[in-house]
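J.: I have a structure here, written as structure tokens, and I will follow up with some questions on it.
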Amino acid sequence: MADCIFCKIASGEIPSTMVYEDDMVAAFKDLEPQAPTHVLIIPKKHVVSAAELGDGDRELAAHIFCDVVPKLAKELKLSNGFRVVTNAGEDGGQTVMHLHFHLLGGRSMQWPPG
Ligand code: 5GP
Ligand code: ZN
2 MADCIFCKIA SGEIPSTMVY EDDMVAAFKD LEPQAPTHVL IIPKKHVVSA AELGDGDREL
62 AAHIFCDVVP KLAKELKLSN GFRVVTNAGE DGGQTVMHLH FHLLGGRSMQ WPPG
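Under the working numbering, the first residue of the sequence shown carries the number 2, and numbering increases by one thereafter.
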């Protein structure tokens with residue numbers, strides 16, 4: 002999508018510190034890390050949020066959760082645990098309107114979230 006910052010990161014138009022990339026997804030370091038490890042995993046195609054995922058996205062969702070998350074957790078040495086979170090819409094606190102999964106680790110997380 003033309004004016005989407007994460008589409009531009011996925012295409013390389015905007016620089017980022019990429020930690021993983023394949024034909025479906027990109028994963029890069031968050032600009033304002035909230036934990037010692039804070040990576041954003043995004044689909045390369047523009048999807049607004051988790052609310053927009055549908056039947057055609059099963060392969061994508063499975064790839065993210067069955068392949069990319071465990072691979073990155075291992076590579077980033079999050080053996081003590083981690084959190085994956087996606088914010089959707091206004092109440093979810095979403096600020097970038099391109100689906101992304103925060104992968105956070107390297108410290109103990111609190112619950113409930115704010
Ligand atoms: P949200 O609040 O939508 O769940 O998360 C958006 C995340 O994107 C925030 O954690 C923010 O720091 C990150 N972010 C926003 N703009 C950029 C950018 O240009 N580059 C990178 N690497 N992260 C960004
Ligand atoms: Zn986008």
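All C-beta atoms, glycine included, are put in the ideal place defined by N, C-alpha and C.
At what residue ranges does the stretch 14-90 contain a whole run of the beta strand (DSSP E), taking only runs of 3 or more?
T.: For the stretch 14-90, whole beta strand (DSSP E) runs of length 3 or above, ordered along the chain, are 19-22, 26-30, 38-44, 83-86.
J.: Examine the Cβ distances between the stretch 6-19 and the stretch 66-86 and report whether three or more of them are shorter than 8 angstroms.
T.: With the cut-off at 8 angstroms, the stretch 6-19 and the stretch 66-86 do not touch.
J.: To the nearest angstrom, report how far apart Ile10 and Gly55 are at their CA atoms.
T.: About 24 angstroms.
J.: Sorry if obvious, but does the Cβ on His47 come closer than 7 angstroms to a heavy atom of the ligand ZN?
T.: His47 Cβ: within cutoff of the ligand ZN.
J.: Report yes if the C-beta of Cys5 is less than 7 angstroms from at least one heavy atom of the ligand ZN; otherwise report no.
T.: Yes, since a heavy atom of the ligand ZN falls inside the 7 angstroms radius drawn around the Cβ of Cys5.
J.: Does at least one heavy atom of the ligand SAM sit under 7 angstroms from the Cβ of Cys67?
T.: Among the ligands in the structure shown, the ligand SAM does not appear; only the ligand 5GP and the ligand ZN can be found there.
J.: By alpha-carbon positions, which one of His64, His101, Phe66, Gly94 ends up nearest to Leu41?
T.: Out of His64, His101, Phe66, Gly94, His101 has the C-alpha closest to the C-alpha of Leu41.
J.: Excluding the five sequence neighbours on either side, which residues of its own chain have a C-beta within less than 7 angstroms of the C-beta of Leu61, listed in chain order?
T.: Within the same chain, Leu61 has close Cβ partners Met25, Pro44.
J.: Under three-state DSSP, which class holds Gly106?
T.: Strand, per DSSP.
J.: So for Cys5, helix, strand or coil by DSSP?
T.: Looking at Cys5 - three-state DSSP - the assignment turns out to be coil, as it is neither helix nor strand.
J.: Which residues have a Cβ closer than 5 angstroms to any heavy atom of the ligand 5GP, listed in chain order?
T.: Per the Cβ criterion, the list is Ser17, Asp31, Leu32, Glu33, Asn88, Gln95, Thr96, Val97.
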